[in-house]
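Protein chains in written order, with our numbering: chain A, 31 to 314; chain B, 4 to 336; chain C, 656 to 879.
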Amino acid sequence: MTEFVTYLVSGIALGSSFALIGSGFVVVHRVTRVVNFAQGSLAVFGAMLSAWLLADRLPHGLGEVVAVLVSGLAGLLVGLVAIGKRGTPPLISLIVTLGVSMLFAALIIWLWGQDPVAPPGLDGFATVFGAEVERQRLLVVVVTLSAFAVLALFFSRTYLGKALTASASNPHAARLVGIDVRRMGLVAFALSGVLGGLAGVLLAPSTALSFYSDLPMALSGFAAAVFGGLVSPLRTLLGGLALGVAGQLTAGYWSGSYQTEVALLLMLVIMIARSRSFTQEEAK
Amino acid sequence: MARRVPTPEPRTVLVVLACVAACVAPLVLSDLTFLMHTVLAAIVVTGLSLLMGYAGQASLGQGAFVAAGALTVAVGTTKLELPPLVALLCAPLVAAAFAAVVGVPLLRLQGHYLAFGTLALLLLVQAAMGAFDWLGGAFGISGIPPLGVGDRIVIGQRPYAYLAIGCLAVVLLVSHRVVHSRFGRGIRALAGSPTAAESAGVPVNRSKVAVFALSAAYAGLAGALSAFFTPYVSQDSFPALESFTYVIMAVVGGLGTLWGGVVGAVVVSVLLQVLNTVSSQPGLPPTAAPIMQYTTYGLVLVLALLAMPRGIVPAVETGVLRVAAKRPVGARQ
Amino acid sequence: MLHIDDLVVRYGSAVALDGVSLEVGAGEMVALVGPNGAGKSTLINTVSGLLQPTSGTVALEGRVAQVPEGRQMFPDMSVEDNLLLGGWSIRNKQLDEVFDLLPDLAGMRRRNAGRLSGGQQQMVAVGRALMARPDLLAIDELSLGLAPIVVAELAEHLRYLNTERGTAVLLVEQEVALAFDLCARACVLEAGRVVASGPSTALAKSDAVRKAYFGDLADLEVAP
Chain A
31 MTEFVTYLVS GIALGSSFAL IGSGFVVVHR VTRVVNFAQG SLAVFGAMLS AWLLADRLPH
91 GLGEVVAVLV SGLAGLLVGL VAIGKRGTPP LISLIVTLGV SMLFAALIIW LWGQDPVAPP
151 GLDGFATVFG AEVERQRLLV VVVTLSAFAV LALFFSRTYL GKALTASASN PHAARLVGID
211 VRRMGLVAFA LSGVLGGLAG VLLAPSTALS FYSDLPMALS GFAAAVFGGL VSPLRTLLGG
271 LALGVAGQLT AGYWSGSYQT EVALLLMLVI MIARSRSFTQ EEAK
Chain B
4 MARRVPTPEP RTVLVVLACV AACVAPLVLS DLTFLMHTVL AAIVVTGLSL LMGYAGQASL
64 GQGAFVAAGA LTVAVGTTKL ELPPLVALLC APLVAAAFAA VVGVPLLRLQ GHYLAFGTLA
124 LLLLVQAAMG AFDWLGGAFG ISGIPPLGVG DRIVIGQRPY AYLAIGCLAV VLLVSHRVVH
184 SRFGRGIRAL AGSPTAAESA GVPVNRSKVA VFALSAAYAG LAGALSAFFT PYVSQDSFPA
244 LESFTYVIMA VVGGLGTLWG GVVGAVVVSV LLQVLNTVSS QPGLPPTAAP IMQYTTYGLV
304 LVLALLAMPR GIVPAVETGV LRVAAKRPVG ARQ
Chain C
656 MLHIDDLVVR YGSAVALDGV SLEVGAGEMV ALVGPNGAGK STLINTVSGL LQPTSGTVAL
716 EGRVAQVPEG RQMFPDMSVE DNLLLGGWSI RNKQLDEVFD LLPDLAGMRR RNAGRLSGGQ
776 QQMVAVGRAL MARPDLLAID ELSLGLAPIV VAELAEHLRY LNTERGTAVL LVEQEVALAF
836 DLCARACVLE AGRVVASGPS TALAKSDAVR KAYFGDLADL EVAP
């Protein structure tokens with residue numbers, strides 16, 4: 031039983047980072063209809079920057095926050111490239127962000143090398159339902175849930191959040207009232223940078239990340255976002271948690287090396303299932 | 004009256020030059036690995052260019068279908084005792100079937116689902132190859148017999164190179180017929196506006212699946228040929244970066260053009276060789292190579308898409324047409 | 656306060672507006688009628704700044720806000736949020752002012768705008784436009800899909816706005832009886848050109864115009 035709880039908690043922790051990256055996809059997609067392939071790169075970037083800052087440059091807490099904010103800036107830069115040019119169709123923007131993710135890889139190797147990096151996190155263990163769980167993993171869960179709550183409040187209570195929601199739900203009417211929908215798209219990209227950076231910073235102490243981690247992270251995040259149809263943050267959260275738990279249970283009871291594959295398989299299944307409920311019109 | 008020498012179309016000249024180069028190169032080069040790799044990439048990318056240019060869909064994991072073709076050959080010849088030629092012919096069919104199964108549901112959704120779906124497929128195929136022994140397991144599949152009919156087998160690199168070039172020609176011919184057929188016109192309407200195409204009676208979904216399957220068939224063919232050429236197939240033979248490279252080649256060469264695949268494959272392969280040579284100069288750190296490669300890939304992709312969204316071939320054509328227009332008709336050369 | 660001079664608007668190769676000239680004075684109500692595809696929506700969108708003229712000028716003294724065709728609510732957001740977003744370009748948002756002008760809106764401020772009836776949404780759309788404190792209201796198809804009694808109520812509100820606030824109105828409207836009843840002046844648009852313009856009473860009686868556009872409404876009676 032304690033074994034199960036350990037897997038459950040570490041699954042929820044892992045899934046939380048998937049959900050954070052997934053929410054980055056959702057925020058950008060809702061406002062711009064673009065899928066940001068560099069979402070995983072933003073996570074790795076945030077983790078690497080955080081590790082570098084925490085190595086005797088900034089104290090714990092501040093280093094992570096700075097890394098996350100700089101990741102937001104990085105997200106904004108991605109947005110400028112992806113949607114800065116008027117009339118870029120969404121699929122082209124997707125491939126542009128693929129190119130940007132490669133530039134990120136080059137940047138990361140140049141700044142921090144090719145080896146995996148694990149910044150220091152919370153040490154020690156805590157007891158949950160009788161099982162010993164790393165405190166870092168509990169931190170991930172707590173921060174993720176808080177982040178989603180803040181995000182929900184942001185979209186429903188703040189003026190900027192409402193403008194973002196409006197741009198997403200009715201861009202024509204948004205333009206009518208004077209909202210610059212493209213600028214809202216850039217805000218969305220910056221926000222996704224913050225979310226991605228946060229995911230990386232939280233995950234890296236437990237699972238060392240390197241320049242090639244962006245691909246599995248992007249895929250896992252996208253898989254979580256698919257649960258929510260790329261539009262619902264709540265379902266992305268649930269999807270991420272489900273994927274994380276499924277992955278950890280697979281690792282624990284079957285074999286550790288197939289976590290990503292389970293997530294990918296589930297993602298394909300969900301996508302195929304979604305296609306059944308789509309008519310041609312809705313899909314466009 | 005002075006006889007006017009008809010000025011040959013610039014495109015015809017280039018095509019003729021390309022054919023001559025293709026026939027001569029295998030005789031001239033000592034190691035044909037680079038040539039083979041480029042020709043096979045051209046085959047894959049010709050299909051990918053059709054998919055991206057006409058069906059407006061992106062496949063980020065086209066390597067999954069290359070793998071399908073390679074595995075058909077590898078498993079077929081070593082485990083199922085298939086004659087090599089049969090395996091070669093089955094490979095594109097298997098790859099196309101694989102694509103159809105995945106494509107029918109995914110092509111009903113927005114484009115990014117197929118993009119990520121094919122990538123997921125690629126990674127799953129890789130994982131399956133490592134997990135199951137009959138797909139190679141930890142050591143891969145080696146000992147693939149050489150291609151041949153009955154007692155006559157192919158020896159050496161050169162015949163494979165010519166075979167690959169021949170297949171590329173076939174692929175280009177098939178693409179040409181498809182594009183200029185009624186089906187092709189329907190697909191081109193698709194690329195412009197799916198709703199307009201639909202109201203004009205184009206079966207949108209079936210057309211998309213057909214183009215997708217065709218591109219997979221090309222990829223499978225390339226995979227099969229590479230399995231015979233380097234008689235070894237393992238889960239590391241189809242890295243994700245290679246599939247991304249196909250996308251870069253397609254973009255550079257020109258989406259939805261006939262020769263875009265060839266041009267893109269040649270340009271990017273040569274670029275990669277240059278990069279390799281430059282980055283292995285003494286005095287540069289070992290990280291120089293991946294940094295330069297990723298930077299170049301990233302820049303090429305971003306700049307090509309933003310500046311020249313239709314790729315090199317249409318841009319060059321427009322440029323050449325403009326130059327040709329300035330010369331008076333019938334001028335002596 | 657709105658001066659449109661020889662406006663040409665093209666979509667690619669198609670010409671939507673082919674040299675349109677039109678004036679709306681301060682506090683005036685002008686109707687824009689004509690068959691489908693005449694370019695009425697294009698004109699409204701150009702006046703609102705959503706479309707760029709290919710040639711010609713649109714000169715506006717003051718602010719314009721559009722009440723779009725089909726209401727265009729922000730779904731899943733409250734009426735109040737819809738209104739607040741209407742004031743995006745205004746620093747001091749006067750929600751209360753809009754509630755004073757359209758009291759019914761105050762009663763539904765918390766309701767989900769996407770779930771309201773057509774008439775209620777149209778009122779929200781007008782209120783949303785008013786939040787921008789416009790000098791000119793550009794309205795695209797006020798009555799589309801609404802019951803006559805609802806439309807009459809909306810028309811009353813517009814009259815009130817015009818007389819009490821001096822808000823000018825440019826009204827695109829399929830229902831020509833409504834258009835002529837509400838607006839003192841009218842312009843008839845066909846295939847991107849103004850084919851007739853003048854006082855509504857005169858236009859309503861003009862034979863050629865009546866036959867072409869009013870069909871069985873040829874016996875239209877317009878109050879002097």
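Glycine included, every Cβ here is placed at the ideal spot set by N, Cα and C. Computed from a prediction, not measured in an experiment: that's the story for all the values here.
Comparing the C-beta of residue i with each C-beta of chain C, is any distance below 7 Å?
{"i": "residue 209(A)", "result": "yes"}
{"i": "residue 220(A)", "result": "no"}
{"i": "residue 206(A)", "result": "yes"}
Give a yes or no on whether the minimum CB-CB distance between residue i and chain A is below 7 Å.
{"i": "residue 871(C)", "result": "With a pLDDT of only 48 at residue 871(C), under 50, the local geometry of the prediction cannot be trusted, and the value read off the model is given with reservation. Chain A contact via Cβ: absent."}
{"i": "residue 249(B)", "result": "no"}
{"i": "residue 190(B)", "result": "no"}
{"i": "residue 741(C)", "result": "yes"}
{"i": "residue 723(C)", "result": "yes"}
{"i": "residue 690(C)", "result": "no"}
{"i": "residue 736(C)", "result": "yes"}
{"i": "residue 696(C)", "result": "no"}
{"i": "residue 744(C)", "result": "yes"}
{"i": "residue 242(B)", "result": "no"}
For chain B, check one thing: does any of its Cβ atoms lie closer than 7 Å to the Cβ of residue i?
{"i": "residue 53(A)", "result": "no"}
{"i": "residue 301(A)", "result": "yes"}
{"i": "residue 298(A)", "result": "yes"}
{"i": "residue 126(A)", "result": "yes"}
Here's the rule I'm using: 16 or more other beta-carbon atoms within 10 Å means buried, otherwise exposed. How should residue i be labelled?
{"i": "residue 183(A)", "result": "exposed"}
{"i": "residue 803(C)", "result": "exposed"}
{"i": "residue 137(B)", "result": "exposed"}
{"i": "residue 171(A)", "result": "buried"}
{"i": "residue 783(C)", "result": "buried"}
{"i": "residue 811(C)", "result": "exposed"}
{"i": "residue 34(A)", "result": "exposed"}
{"i": "residue 26(B)", "result": "exposed"}
{"i": "residue 170(B)", "result": "buried"}
{"i": "residue 291(A)", "result": "buried"}
{"i": "residue 241(A)", "result": "buried"}
{"i": "residue 749(C)", "result": "exposed"}
{"i": "residue 772(C)", "result": "exposed"}
{"i": "residue 300(B)", "result": "buried"}
For the alpha helix (DSSP H) that residue i lies in, which residues bound it at each end?
{"i": "residue 139(A)", "result": "120 to 142"}
{"i": "residue 773(C)", "result": "773 to 785"}
{"i": "residue 656(C)", "result": "Residue 656(C) -> no alpha helix (DSSP H), and no H or E assigned at all."}
{"i": "residue 712(C)", "result": "Per DSSP, residue 712(C) belongs to no alpha helix (DSSP H); it is in the beta strand (DSSP E), 710 to 715."}
{"i": "residue 210(B)", "result": "207 to 232"}
{"i": "residue 261(A)", "result": "That residue, residue 261(A), is in no alpha helix (DSSP H); it is neither H nor E in DSSP."}
{"i": "residue 207(A)", "result": "No alpha helix (DSSP H) holds residue 207(A); DSSP gives it neither H nor E."}
{"i": "residue 755(C)", "result": "750 to 756"}
Given that residue i touches chain C, what residues does it touch there, using C-beta distances under 7 Å?
{"i": "residue 202(A)", "result": "727"}
Is it the case that the Cβ atoms of residue i and residue j are separated by a distance below 7 Å?
{"i": "residue 842(C)", "j": "residue 849(C)", "result": "yes"}
{"i": "residue 57(B)", "j": "residue 190(B)", "result": "yes"}
{"i": "residue 753(C)", "j": "residue 792(C)", "result": "no"}
{"i": "residue 658(C)", "j": "residue 720(C)", "result": "no"}
Can you name the start and end residues of the beta strand (DSSP E) that residue i belongs to?
{"i": "residue 156(A)", "result": "155 to 158"}
{"i": "residue 69(A)", "result": "That residue, residue 69(A), is in no beta strand (DSSP E); its alpha helix (DSSP H) goes 69 to 84."}
{"i": "residue 840(C)", "result": "840 to 845"}
{"i": "residue 684(C)", "result": "684 to 688"}
{"i": "residue 849(C)", "result": "848 to 854"}
{"i": "residue 676(C)", "result": "669 to 679"}
{"i": "residue 721(C)", "result": "719 to 722"}
Listing by chain order, which chain C residues have their CB less than 8 Å from the CB of residue i?
{"i": "residue 199(A)", "result": "729, 730, 731, 732"}
Mind listing the chain A neighbours of residue i? Cutoff is C-beta to C-beta under 9 Å, in chain order.
{"i": "residue 665(C)", "result": "Ordered by position in chain A, no residue passes the 9 Å Cβ test against residue 665(C), which lies about 17 Å from the chain."}
What residues of chain B sit near residue i, judged by a beta carbon separation below 9 Å?
{"i": "residue 144(A)", "result": "289, 290, 293"}
Note down, in chain order, every chain A residue with its Cβ under 8 Å from the Cβ of residue i.
{"i": "residue 770(C)", "result": "Chain A residues near residue 770(C): none, gap ~14 Å exceeds 8 Å."}
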